[in-house]
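K.L.:
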Amino acid sequence: MSHAVKTDNAEPALPPKAKAALSEGKRAERRLGLLLCAPAILIMAAVAGWPILYSLWLSLQRYDLKFPDRTEFVGLENYVTVLSNPYWWNAMWVTVLITVVSVAVELVLGMALALIMHRTLVGRGIVRTSTLIPYGIVTVVAAFSWRYAWTPRTGYLAETIAGGDPVLTEKIPAIMVVTLAEIWKTTPFMALLLMAGLALVPDDLLKAAAMDGASAWQRFTKVMVPVMKPAILVALLFRTLDAFRIFDNLFVLTAGSQGTSSVSMLTYNNLIKGLNLGIGSTMSVLIFIAVAIIAFVFVKLFGTAAPGGDGGGRR
Amino acid sequence: MRGKGHRLAAAGGAALIATSVLAGCGSGDGGITINVYKYPQENFQKIVDNCNAQADGYEIVYHKLPREADGQREQMVRRLAAGDAGMDVLALDVTWTAELAKAGWIKEFTGQARSEVEDGTLETPLETARYEGKLYGAPDNTNVQLLWYRADLVPTPPKTWDEMIELGAKLQADGNDKTPGLVAAQGKQYEGLVVLYNTLVSTAGGQIVDDNGTKAVVDDGAVKALEVLKKFATSDVVDPSFSNAAEDDARLAMEGGKAAFMLNWPYVYAAAQKVETIAPHLKWAPYPSIDGDPAKVTVGGINYAVSAFTEHTEESFDAVLCLRSAEHQKFAAINDGVPPTIESVYDDPEMAEPYPMKEAILETLKNASVRPRTPAYQNVSTVISTILSPPAGIDPRGTAERLRTELQDALDSKGVLP
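Chains E and G are the protein sequences, given in the same order. Numbered by numbering that gives the first Met the number 0, the letters in the first sequence go through residues 0 to 314 in order. Numbered by numbering that gives the first Met the number 0, the letters in the second sequence go through residues 0 to 417 in order.
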């Protein structure tokens, strides 16, 4: 992604004739390059491109495995059904709420953690390791421990904090618990990305600012944050995309009951449980579009450029 | 990334399934293996062993499905959709028959197999295995709820819902807090609420979905049922956690001495024997009716079906007949507590001790009702439990109207599942 953005910006600087002026050797080299890339591109097209196209095709059909003889092409009817359905919009708002709240809280907590990890003088290894523990636990396992903790009679959180109420069976409390579990789980990831950004801030700059009489807060907002901005935006982009597709925590904690479904959960229910390939694919396509919009907003409007462009290591 | 993890897990799962299928095929010494997929039933392996001793030419292998009904259905349906030949016999919840039959994933019972299944089997469980006049399953076990009550507080059990609510209120009003008057039942947003509602609708002589399973009816009887449910959910005798209560929550309310009445499956009898304060007083009676005629209680239970993709049709049907034989149903009833579907088993003297309520069960079964038989049952059930939840918020006319529209969408596979 980042490379594409950079080349776009760089191209106008080149004289327009540059392309035509390629030498014979350069052209051969380029051809070789394309040939070498071809296998990878073919595989990508097969494993990523084809399923996307297929689900687009499915989304234009009435296709329910329960009624195989009623399969037919219906155009955009599925989109009308989904987009005019209250369950879908409820799921959309739940998803947006969880995404916005969890990412905002994670940014603040993650920044605090990153500063702590960055500044720690003693036991740096231990501090960093212990911070990363929640992130190291498999999400489903962590979600189960949250679920048991919030189950009346067996769970310590349900007994101490909720006074024995089954919080996971009511909409608002359940969404709060899911958001909390999400924050607990992924704040370390945010902290890790932000710490990488902190390393970019030169110490001299901070010292100079201190010399000029900037307070600690001013040094943070006027020096650190502007320098870290690219890292912050990347962290926000990754987390937003990830939070928007929230599934595993929700699946274990509420399974979408009492109107706590996220869009992914709703899609799963329609596709896997309801066997409705048409409606389910329509929802997948809509999620795909939403994710694309989020990425577009971050990249084009905020100017996010992912260093290395790879989210590798994320779970 | 999140997605990557899932993909890896899926690949791992596929690999696991592949190895287990291969292992399953290999274990027959080159002979035929019949793979049976059933939920975890404690003593089922003994039945399988017994059948294997009698079988000639094939070996049955028992594969355990997940404990939760949704997990069982998902695993089977996913593999059936892919035309997997590794599954031969499937243990289906009674509500799945229509869906799998319509999709063409299970075989019809015909000829000899059909007459053997129909012979001596109770009518309502058999009804659950039929779709569009054809038989697609062999009932293995069945289940019906009874009214459980505290004989020390209530000398004669109530016959109707109104009587029960009145009796409970009187018990509570009779002075101190130590007299429990609550009625424990299942009101959580899940299948249990659908079972309760279906019983009420059938008892009131109504219908939720028509006999063909294609049209949402929600007639006057169904509205009457909504009124009864609403009246109960807003009465003084309802447990405050009714709208979150599943079977076990109701059982615990009864065992904990909070409730005088409970609507629940027969498994509560065995469980309550461990609770000294309750055990001697716990008695059972037929499910309360609405206006005096006996209630038509919803049946649960399991039917065996033969996968359409099996490569060993004859042996699979043979295995089913053995697994559900009268002898094995009795064994399962005594050891795993599941009520039989063959009527003669109830008369067996060995049943008397573990099943003192067998007469009540049999009587209820003979006048029982079936949940809507439609391929879209999963959708129908989800829509009903969503709309009825919480039961105290029911507005009989309005709720019925909403049920009618959303159920019709669900039946037409048009709407969105919540």
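Even glycine gets a Cβ: it sits at the ideal position worked out from N, Cα and C.
1) Mind checking which residues open and close the alpha helix (DSSP H) that includes G122(E)?
2) Taking the CB atoms as reference points, tell me whether V194(G) and Q188(G) lie closer together than 9 Å.
3) In angstroms, rounded to a whole number, what distance separates the CA positions of S101(E) and V107(E)?
4) Would you mind working out which of T120(G), G70(G), G103(G) and E115(G) sits nearest I341(G), comparing C-alpha positions?
5) Give me the DSSP bridge partner(s) of H62(G).
6) By how many angstroms is the C-alpha of A307(G) removed from the C-alpha of V143(G)?
7) In chain order, what residues of the same chain lie with their CB nearer than 6 Å to the CB of G27(G), ignoring the 5 residues before and after it?
8) Quick check: the Cα distance between F246(E) and A142(E), rounded to an integer number of angstroms?
9) On the DSSP letters alone, give me the boundaries of the beta strand (DSSP E) that D92(G) sits inside.
10) CA-CA distance, K158(G) and N248(E)?
11) Look at the alpha carbon of P154(G) and the alpha carbon of D164(E), and state the distance between them as a whole number of angstroms.
12) Could you name the residues of the same chain whose beta carbon sits closer than 7 Å to that of V139(E), not counting the 5 residues immediately before and after it, in chain order?
13) So, is D241(E) buried or exposed, given that buried needs 16 or more other C-beta atoms within 10 angstroms?
14) Does the pairing of the segment 199-218 of chain G with the segment 366-373 of chain G give three or more beta-carbon distances under 8 Å?
15) Between the C-alpha atoms of T128(E) and G277(E), what's the straight-line distance to the nearest angstrom?
16) Could you spell out where the beta strand (DSSP E) holding V182(G) opens and where it closes?
17) Can you grab the Cα-Cα spacing for the pair G4(G) / V137(E), in whole Å?
18) For K418(G) and T159(E), what's the separation of their Cα atoms in angstroms?
19) Inspect the beta-carbon positions of L130(E) and A190(E) and report whether they are closer than 9 Å.
20) What residues from chain E crowd round N243(G), counting only those whose CB sits closer than 8 Å?
21) Taking the straight line between their C-alpha atoms, what separation do you get for C36(E) and Y38(G)?
22) With a threshold of 16 other CB atoms inside 10 Å of the CB of V121(E), please say whether the residue is buried or exposed.
23) Could you list which residues in chain G have their beta carbon closer than 7 Å to that of I51(E), in chain order?
24) Measuring only the C-alpha atoms, how far is E169(E) from I33(G)?
25) Closest Cβ-Cβ distance between P38(E) and chain G: below 9 Å?
26) Determine the chain G residues that contact S256(E) at a beta-carbon separation under 8 Å, and present them in chain order.
27) Verify the CB distance criterion: does Y86(E) have a CB-CB separation below 9 Å to chain G?
28) Which of helix, strand or coil does DSSP assign to K282(G)?
29) Give me whichever residues DSSP pairs with W147(G) in a beta bridge.
30) Can you list, in chain order, the residues of its chain whose CB lies under 6 Å from that of A84(G), leaving out five sequence neighbours each side?
31) What are the start and end residues of the beta strand (DSSP E) that includes D139(G)?
32) If the criterion is Cβ atoms closer than 9 Å, does the pair S384(G) and L228(G) meet it?
33) My assumption, with CB atoms under 8 Å, is that V379(G) sits in contact with L416(G). Please give the rounded CB distance.
34) Contact defined as beta carbons within less than 8 Å: I believe A259(G) pairs with L152(G). What is the distance between those atoms, to the nearest angstrom?
35) May I ask you to list, following chain order, the residues of the segment 363-391 of chain G that have a beta carbon less than 7 Å from some beta carbon of chain E?
36) Assuming I31(G) and G56(G) are in contact, meaning their beta carbons sit under 8 Å apart, how far apart are those beta carbons, in whole angstroms?
P.N.:
This is what the structure holds:
1) Reading the first sequence from its first residue, position 123 is the one you call residue 122(E). Looking at the DSSP string, G122(E) is not in any alpha helix (DSSP H), and its letter there is neither H nor E.
2) Position 195 of the second sequence, counting from 1, holds the residue named residue 194(G). Position 189 of the second sequence, counting from 1, holds the residue named residue 188(G). In this structure, V194(G) keeps its C-beta atom at 9 Å or more from the C-beta atom of Q188(G).
3) For the purposes of this step, residue 101(E) is taken as residue 102 along the first sequence, with counting starting at 1. For the purposes of this step, residue 107(E) is taken as residue 108 along the first sequence, with counting starting at 1. Rounded to the nearest angstrom, the two C-alpha atoms are 10 Å apart.
4) For the purposes of this step, residue 341(G) is taken as the residue at position 342 of the second sequence. When only C-alpha atoms are compared, the closest one is T120(G).
5) As a position in the second sequence, residue 62(G) is number 63, starting the count at 1. Note: H62(G) sits in a beta bridge opposite Y36(G).
6) Residue numbering aside, residue 143(G) sits at position 144 when the second sequence is read from its first letter. Residue numbering aside, residue 307(G) sits at position 308 when the second sequence is read from its first letter. Going from the Cα of V143(G) to the Cα of A307(G) covers about 30 Å.
7) Along the second sequence, one-based indexing puts residue 27(G) at 28. Note that G27(G) has pLDDT 43, beneath the 50 cutoff, so the model's placement of it is unreliable and the number below is only indicative. Spatial neighbours of G27(G) in its own chain (CB-CB distance under 6 Å, excluding positions within 5 residues in sequence) are listed in chain order as E58.
8) The residue given as residue 246(E) occupies position 247 in the first sequence. The residue given as residue 142(E) occupies position 143 in the first sequence. Spanning the two alpha carbons is a distance of roughly 11 Å.
9) Locating residue 92(G) in the second sequence gives position 93, where the first residue counts as 1. From DSSP, the beta strand (DSSP E) with D92(G) extends over V88 to D92.
10) Position 159 of the second sequence, counting from 1, holds the residue named residue 158(G). Position 249 of the first sequence, counting from 1, holds the residue named residue 248(E). Roughly 45 Å separates the two Cα atoms.
11) In the second sequence, the residue the question calls residue 154(G) occupies position 155. In the first sequence, the residue the question calls residue 164(E) occupies position 165. Spanning the two alpha carbons is a distance of roughly 34 Å.
12) The count along the first sequence starts at 1 and reaches residue 139(E) at position 140. Only D247 and V251 meet the Cβ criterion.
13) By 1-based counting over the first sequence, the position of residue 241(E) is 242. It is buried - the Cβ of D241(E) has at least 16 other Cβ atoms within 10 Å.
14) Output reads yes: the segment 366-373 of chain G touches the segment 199-218 of chain G.
15) For this step, residue 128(E) is matched to residue 129 along the first sequence. For this step, residue 277(E) is matched to residue 278 along the first sequence. T128(E) and G277(E): Cα-Cα distance of roughly 46 Å.
16) Working through the second sequence from its first residue, we reach residue 182(G) at position 183. Looking at the DSSP string, the run of the beta strand (DSSP E) that includes V182(G) is L181 to A183.
17) By 1-based counting over the second sequence, the position of residue 4(G) is 5. By 1-based counting over the first sequence, the position of residue 137(E) is 138. Annotation note: pLDDT 47 at G4(G) (below 50); position unreliable, coordinate value reported separately. Roughly 10 Å separates the two Cα atoms.
18) This structure leaves residue 418(G) out entirely; chain G is present only between 0 and 417.
19) One-based indexing of the first sequence puts residue 130(E) at position 131. One-based indexing of the first sequence puts residue 190(E) at position 191. In the sequence as displayed, the identity of residue 130(E) is Thr instead of Leu. Note that the C-beta distance between T130(E) and A190(E) is below 9 Å.
20) The residue you call residue 243(G) lines up with position 244 of the second sequence. Neighbours of N243(G) in chain E, taken as residues whose beta carbon is under 8 Å from its own, are P165 and T168 in chain order.
21) As a first step, residue 36(E) must be located in the first sequence, where it is residue number 37. As a first step, residue 38(G) must be located in the second sequence, where it is residue number 39. Going by the C-alpha atoms only, they are around 49 Å apart.
22) Indexing the first sequence from 1 puts residue 121(E) at position 122. Classification of V121(E): exposed, given that the 10 Å Cβ count is below 16.
23) Residue numbering aside, residue 51(E) sits at position 52 when the first sequence is read from its first letter. For I51(E), there are no neighbours in chain G by C-beta distance under 7 Å, as the nearest C-beta there is about 13 Å away.
24) In the first sequence, counting from the first residue as 1, residue 169(E) sits at position 170. In the second sequence, counting from the first residue as 1, residue 33(G) sits at position 34. Answer to the nearest angstrom: the Cα atoms are 45 Å apart.
25) Start at 1 with the first residue of the first sequence, and residue 38(E) comes out as number 39. No - not a single Cβ of chain G is within 9 Å of the one on P38(E).
26) The residue given as residue 256(E) occupies position 257 in the first sequence. Within chain G, the residues Q188 and Y189 have their CB atoms less than 8 Å from the CB of S256(E), given in chain order.
27) One-based indexing of the first sequence puts residue 86(E) at position 87. Judged by the 9 Å Cβ criterion, Y86(E) is in contact with chain G.
28) Position 283 of the second sequence, counted from the start, is the residue given in the question as residue 282(G). Looking at K282(G) - three-state DSSP - the assignment turns out to be strand.
29) As a first step, residue 147(G) must be located in the second sequence, where it is residue number 148. DSSP, once it has assigned bridges, lists M261(G) and W283(G) as partnering W147(G).
30) Here residue 84(G) refers to the residue found at position 85 of the second sequence. Within its own chain, the residues whose Cβ lies closer than 6 Å to the Cβ of A84(G), once the five positions on either side in sequence are excluded, are F308 and E310, listed in chain order.
31) Counting from 1 along the second sequence, the entry for residue 139(G) is found at position 140. For D139(G), the enclosing beta strand (DSSP E) begins and ends at A137 to N142.
32) Taking the first residue of the second sequence as position 1, residue 384(G) is located at position 385. Taking the first residue of the second sequence as position 1, residue 228(G) is located at position 229. Taking 9 Å as the Cβ cut-off, S384(G) and L228(G) do not qualify as a contacting pair.
33) Numbered from its first residue, the second sequence carries residue 379(G) at position 380. Numbered from its first residue, the second sequence carries residue 416(G) at position 417. The pair is not a contact, with the Cβ atoms about 10 Å apart (cut-off 8 Å).
34) Here residue 259(G) refers to the residue found at position 260 when the second sequence is read from its first residue. Here residue 152(G) refers to the residue found at position 153 when the second sequence is read from its first residue. About 5 Å separates the two Cβ atoms, so the contact holds.
35) Answer set for the segment 363-391 of chain G: P374, A375, Q377 and N378.
36) Along the second sequence, read from residue 1 onward, the residue named residue 31(G) stands at position 32. Along the second sequence, read from residue 1 onward, the residue named residue 56(G) stands at position 57. With a Cβ gap of about 6 Å, I31(G) and G56(G) count as contacting.
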